[in-house]
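Encoded as structure tokens, the structure appears first; notes follow it.
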Amino acid sequence: MRIKPAKGEFYLSLGDRGEMIAAAYLTEQGYQILDKKVRSPFGELDLVARKRGRIIFVEVKTRSTPQFGLPEEAVDLVKQKQITKLAEWYLQKNKIENASARFDVIALIYDGVSIPQVRHVENAFEAQA
Numbered sequence: 043m044r045i046k047p048a049k050g051e052f053y054l055s056l057g058d059r060g061e062m063i064a065a066a067y068l069t070e071q072g073y074q075i076l077d078k079k080v081r082s083p084f085g086e087l088d089l090v091a092r093k094r095g096r097i098i099f100v101e102v103k104t105r106s107t108p109q110f111g112l113p114e115e116a117v118d119l120v121k122q123k124q125i126t127k128l129a130e131w132y133l134q135k136n137k138i139e140n141a142s143a144r145f146d147v148i149a150l151i152y153d154g155v156s157i158p159q160v161r162h163v164e165n166a167f168e169a170q171a
């Protein structure tokens with residue numbers, strides 16, 4: 043799905059727009075955004091943030107309507123395992139040792155016109171083997 047941008051903006055997918063909104067939301071909440079759209083051999087981390095010395099791996103799920111389920115419901119056990127593997131890879135790649143980390147989900151309902159509905163689920167899941 044594409045969202046028609048404001049004048050001067052590029053077209054962004056619904057997911058990309060959701061990630062931008064999520065990053066702005068986290069910044070407003072006092073988080074420092076460390077990385078966005080981190081690609082690896084195992085997939086992609088949407089956002090990596092820091093707050094009070096803790097590294098937070100954030101999965102962003104955006105839907106234009108809740109008609110087919112809430113966005114956060116898409117973060118199933120398979121997705122949790124993938125995010126865990128990505129987080130381990132990220133920490134090793136960046137030589138971050140003994141870090142306190144957690145996994146959050148930001149769920150957005152955004153139709154491209156209305157004000158986005160943002161739900162931040164802190165500690166959404168534990169690391170999965």
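Here the numbering used here is used: position 56 in the sequence shown is 98, and no number is missing along the way. Glycine is no exception: its CB is placed at the ideal position from the N, C-alpha and C atoms. Remember, predicted model here, so these are calculated numbers, not experimental data.
Problem set entry | Closest residue to G57 among R161, Y152 and T69 (Cα-Cα distance) | Restricting attention to R161, Y152 and T69, the CA atom closest to the CA of G57 is found in Y152.
Exercise. For I63, does the three-state DSSP call read helix, strand or coil?
Worked result: helix
Exercise. Rounded C-beta distance between Q122 and Q170? I'm assuming under 8 Å.
Worked result: Q122 to Q170, Cβ: 5 Å. Contact.
Problem set entry | V163 to K78 span [Cα, whole Å] | The C-alpha of V163 lies about 18 Å from the C-alpha of K78.
Problem set entry | Residue span of the alpha helix (DSSP H) that contains V120, given as start and end | L119 to K135
Exercise. According to DSSP, what are the bridge partners of K93?
Worked result: K93 is bridged to R96.
Problem set entry | Burial state of K137, where buried means 16 or more other Cβ atoms lie within 10 Å | Exposed, by the Cβ-count rule.
Exercise. Going straight from the alpha carbon of N165 to that of R96, what length do you get?
Worked result: Looking at the two C-alpha atoms, the distance is approximately 12 Å.
Exercise. How is G57 classed by DSSP in three states: helix, strand or coil?
Worked result: helix
Exercise. Where does S156 sit, in a helix, a strand or coil, going by DSSP?
Worked result: coil
Problem set entry | Beta-carbon proximity of I125 to F110, cut-off 8 Å | no
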